[in-house]
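Just below is one structure, and these are the notes that go with it.
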Amino acid sequence: VISTPNNNRISSQIFKEDILQAVKDEIGQNLKNGLLQAVKNEIGQNLKNELLQAVKNEIGQNLKNELLQAVREDNLNITRNNTKQD
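Below, the structure is given as structure tokens:
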């Protein structure tokens, strides 16, 4: 193969285009990875928030139920005491 200025320019241009394409591909892949990670993080955070809210709701409901039961038992005891006094 004879090296000529024209061949060198063509080789140099192809090399530049290959490098440019590799850089574009790498940037594109990094953007895809970054976006995918952001989506995963958002989904993960949403799941954490929903789970936390569900736990809070369950604890709140349990506290309400326990408080209601305590009030009922207290009212029953008051009624029994009032009945005994009559």
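All residue numbers for the sequence shown refer to the numbering used here, where the first residue is 3 and numbers rise by one.
C-beta: ideal position from N, C-alpha, C; glycine also.
Since the model is a prediction, treat every value here as computed from it, not as a measurement.
{"Item": "C-alpha gap between N59 and N43, whole angstroms", "Value": "24 angstroms"}
{"Item": "Straight-line Cα distance separating E68 from L33", "Value": "52 angstroms"}
{"Item": "Secondary structure of T85, DSSP reduced to three states", "Value": "helix"}
{"Item": "Alpha helix (DSSP H) runs contained entirely in the stretch 9-46, provided each spans 4 or more residues", "Value": "none"}
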